[in-house]
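Chemist: Residue numbers (this note's numbering): 1 to 290. Don't be surprised by glycine CBs; every beta carbon is placed ideally from N, CA and C. Small disclaimer: the values here were computed from a predicted structure and weren't measured.
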Amino acid sequence: MKKSRNLPKPYPSDVSDEEWSFVVPYLTLIRLDSEQREHDLRAVFNALRWLVRSGAHWRMMPHDFPPWAAVYQQMQRWLRAGCFEAMVHDLRMLLREVAGRAGQPSAMILDSRTLQSTPESGARAGYDGAKRRKGAKVHAAVDTLGHLLALHVAPADEQDRAQVKQLAKAVQELTDQSVTLAYVDQGYTGENAREAAQAQGIELHVVKHTEAKRGFILLPRRWVVERSFAWAARFRRLARDYERLAQTLAGFHYLAFACLMLHRIIPLIASSRCGTVAVRRGPATRASGG
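1) Measuring CB atoms only, is the stretch 99-107 touching the stretch 177-184, in the sense that at least three cross pairs come out at less than 8 Å?
2) Is it right to say K208 is buried, meaning 16 or more other beta carbons lie within 10 angstroms of its own, or is it exposed?
3) Checking 8 Å against the spacing of the C-beta atoms, do S228 and L148 come in under that value?
4) Could you tell me whether the Cβ atoms of A199 and L174 are closer together than 8 Å?
5) Looking at R161: is its Cβ nearer than 8 Å to the Cβ of A193?
6) Would you kindly work out how many angstroms separate the C-alpha atoms of L91 and F257, rounded to a whole number?
7) Are three or more beta carbon pairs between the stretch 86-101 and the stretch 115-128 nearer than 8 Å?
8) Hey, how far is the Cα of L79 from the Cα of A156?
9) Once you ignore the five residues that flank K169 on each side, which residues in its own chain have a CB closer than 8 Å to its CB?
10) Mind checking which residues open and close the beta strand (DSSP E) that includes P25?
11) When the Cα atoms are used, what is the spatial distance from R42 to H205?
12) Quick one: residues in its chain with C-beta nearer than 8 Å to the C-beta of T144, no 5 flanking neighbours on either side, listed in chain order?
13) For the candidate residues K137, V52, P66 and L27, whose alpha-carbon lies nearest to that of E38?
14) Looking at the unbroken alpha helix (DSSP H) that takes in Q172, where does it start and where does it end?
15) Which same chain residues end up closer than 8 Å to L255 when comparing Cβ atoms and leaving out the 5 residues on each side of it in sequence?
16) Give me the Cβ distance between L27 and M261, rounded to the nearest whole Å; I'm assuming they're in contact under 8 Å.
17) Quick check: S121 and R244, are their CB atoms within less than 8 Å of each other?
18) If you scan the stretch 180-214 from start to end, which runs of the beta strand (DSSP E) of 3 or more residues do you find wholly inside it?
19) Please determine, among Q172, D185, A230 and T189, the residue with the shortest C-alpha to C-alpha distance to I202.
20) What's the gap between the Cα of D64 and the Cα of D40?
21) Which same chain residues, not among the five before or five after Y72, have their C-beta less than 7 Å away from its C-beta?
22) When DSSP labels each residue in this structure, what does S54 get in the three-state scheme?
23) Going by CA-CA distance only, name the one from R133, Y11, E18 and G187 that's closest to I269.
24) To which residues of the same chain is Q164 closer than 6 Å at the C-beta, ignoring the five residues directly before and after it?
25) Based on the DSSP output, what are the partners of S112 in its beta bridges?
26) Beta-carbon within less than 8 Å of A250's beta-carbon, same chain only, minus the 5 sequence neighbours each way: which residues are those?
27) By Cβ distance, which residues of its chain are closer than 6 Å to G190, with the 5 residues on each side in sequence left out?
28) Mind checking which residues open and close the beta strand (DSSP E) that includes H152?
29) How long is the line joining the alpha carbons of S112 and V44, rounded to whole angstroms?
30) Just list the residues that DSSP pairs Y127 with in beta bridges.
31) As a quick exercise: from P119, S16 and P10, pick the residue whose alpha carbon is nearest that of P267.
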C-alpha cells in the first residue's frame, strides 16, 4: 500500500496552535494578508525557533523552511521593534500572577555568564581572566522566580559591577520603579556599584560564601539566576557567541526565554482559565516591515 503524501512532519521546536495564537499579535508588524508578505509568518517564526534551539548555521537551515535570508531579515525587524522583549515582559507578569505574586517584582537577582567567542564575534570579544576565556558576557537581571527582567551583552573583560547602572535603570523602567532589592555575588561589591543601584532606588545585597569555596555551593537566592542561565543553555545557539552583533545575541536570549515561558504559561491558562488577564498584546513600538 502506497503511503499518501502528507504535510511535512513538524519539528520539535515548532510553535503549537495555542502558542501561536498568543504570540502572533506581538509578531505581526504588518497585516498577515499584506501583498508584500512573501512567506508565511508562522513558518518564519518556526524557522527562527529551530535555529536558536539547534544552533545550526543560517545557511544550513532546512529547505522546508523559508529561505534563511528571509528569516534573518524578519528576525532583524522583530529585534528592532522589541517584539521578544514585550513578549517576555507580559509572560513574566502572567506567570507571576498565576503563582500568586504581584505582577511587578520587588526584588531581583543580577549575574553574568561568559560565552566563548567565535570567528564571527571575535572582533568585539574581551578576555575574562576569572573564567580564562575570550568572549562576551551576558549580564542578566531576573526576578525571584527566575524570569528574565533585563539583559545586555558586553565584552568579557568588563567588570560585573560596571553593569549595575544600566541593568538597574532598565529594570526600573520595565517595572515602574517597583524593585527595591537586588541580590548579587561578590563581583558586584564596591562603592560605585552600590551608588549606581541606590540612584535607582535599589539596595544591593551581596550574598557571600560562608566558607572557602570548594566545589559547587548552593547559595541562597543566587541559585535562581544560575538556574535561569541553565535554562538558556538548552538553546544551542546560545552555547557560544556566534553572532556578529551584540544586539542579535541579546535578542536570541529574549527569544529563548520567551519560548521557555510560553511553554509554561499555555498549560496554566488552559487549566486555570486565566486567559482573561489583561496583557499588552504586542510591542509598544512598531518597525516597518513584515
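Modeler: Reading it off the structure:
1) yes
2) Residue mapping note: residue 208 aligns to position 208 of the sequence shown, counting from 1. Looking at its Cβ environment, which holds fewer than 16 other Cβ atoms inside 10 Å, K208 is exposed.
3) In the sequence shown, residue 228 corresponds to position 228, counting from 1. In the sequence shown, residue 148 corresponds to position 148, counting from 1. Their beta carbons are under 8 Å apart, which means S228 touches L148 by this criterion.
4) Taking the first residue of the sequence shown as position 1, residue 199 is located at position 199. Taking the first residue of the sequence shown as position 1, residue 174 is located at position 174. Not a contact, by the Cβ cut-off of 8 Å.
5) Along the sequence shown, read from residue 1 onward, the residue named residue 161 stands at position 161. Along the sequence shown, read from residue 1 onward, the residue named residue 193 stands at position 193. Yes. Within cutoff.
6) Working through the sequence shown from its first residue, we reach residue 91 at position 91. Working through the sequence shown from its first residue, we reach residue 257 at position 257. The straight-line gap from Cα to Cα measures roughly 10 Å.
7) The stretch 86-101, when compared against the stretch 115-128, does not touch it at the 8 Å Cβ threshold.
8) In the sequence shown, counting from the first residue as 1, residue 79 sits at position 79. In the sequence shown, counting from the first residue as 1, residue 156 sits at position 156. Going by the C-alpha atoms only, they are around 23 Å apart.
9) The residue given as residue 169 occupies position 169 in the sequence shown. Answer for K169: Q200, listed in chain order.
10) The residue you call residue 25 lines up with position 25 of the sequence shown. Where P25 is concerned, there is no enclosing beta strand (DSSP E), although the alpha helix (DSSP H) it sits in stretches over D17 to L27.
11) Locating residue 42 in the sequence shown gives position 42, where the first residue counts as 1. Locating residue 205 in the sequence shown gives position 205, where the first residue counts as 1. Answer to the nearest angstrom: the Cα atoms are 43 Å apart.
12) Walking along the sequence shown from the start, residue 144 turns up at place 144. So the qualifying residues of the chain are P105, A107, M108, I109, R221 and V224.
13) Translated into positions along the sequence shown, residue 38 becomes position 38. Among K137, V52, P66 and L27, the Cα nearest to that of E38 is on P66.
14) Working through the sequence shown from its first residue, we reach residue 172 at position 172. Segment V164 to T175, the alpha helix (DSSP H) holding Q172.
15) Within the sequence shown, numbered from 1, the residue matching residue 255 stands at position 255. Within the same chain, L255 has close Cβ partners L48, R49, V52 and F84.
16) Looking up residue 27 in the sequence shown gives position 27. Looking up residue 261 in the sequence shown gives position 261. That pair is no contact at about 15 Å.
17) Against the sequence shown, residue 121 aligns to sequence position 121. Against the sequence shown, residue 244 aligns to sequence position 244. Against a cut-off of 8 Å, the Cβ pair of R244 and S121 comes out as a contact.
18) With a minimum length of 3 residues, the continuous beta strand (DSSP E) runs that stay inside the stretch 180-214 are 181-184 and 203-206.
19) Locating residue 202 in the sequence shown gives position 202, where the first residue counts as 1. Nearest option by C-alpha distance: Q172.
20) Along the sequence shown, read from residue 1 onward, the residue named residue 64 stands at position 64. Along the sequence shown, read from residue 1 onward, the residue named residue 40 stands at position 40. Answer to the nearest angstrom: the Cα atoms are 12 Å apart.
21) Residue numbering aside, residue 72 sits at position 72 when the sequence shown is read from its first letter. Here the set comprises W58.
22) Counting from one through the sequence shown, the residue named residue 54 turns up at place 54. In the structure shown, S54 sits in a helix (DSSP, three-state: H, G or I).
23) Locating residue 269 in the sequence shown gives position 269, counting from the first residue. The shortest Cα separation from I269 among R133, Y11, E18 and G187 belongs to E18.
24) Translated into the one-based positions of the sequence shown, residue 164 becomes position 164. The identity of residue 164 in the sequence shown is Val, whereas the question assumes Gln. Counting only Cβ-Cβ distances below 6 Å, and skipping sequence neighbours, we find A193, A196 and A197.
25) For the purposes of this step, residue 112 is identified with residue 112 of the sequence shown, where counting begins at 1. Beta-bridge pairing links S112 to H139.
26) The residue you call residue 250 lines up with position 250 of the sequence shown. Residues of the same chain with a CB within less than 8 Å of the CB of A250, apart from the 5 flanking positions on each side, are V138, L151, H152 and V153 in chain order.
27) Taking the sequence shown and counting its residues from 1, one reaches residue 190 at position 190. For G190, where only same-chain residues beyond five positions count, the Cβ hits under 6 Å are R161.
28) Sequence index remark: in the sequence shown, residue 152 carries index 152 (1-based). If you look at H152, you'll find it in the beta strand (DSSP E) that goes L148 to P155.
29) Against the sequence shown, residue 112 aligns to sequence position 112. Against the sequence shown, residue 44 aligns to sequence position 44. Near 30 Å, if we compare the C-alpha coordinates of V44 and S112.
30) Counting from one through the sequence shown, the residue named residue 127 turns up at place 127. Partner(s): K134.
31) If you number the sequence shown from 1, residue 267 lands on position 267. When each option's Cα is compared against that of P267, the closest is S16.
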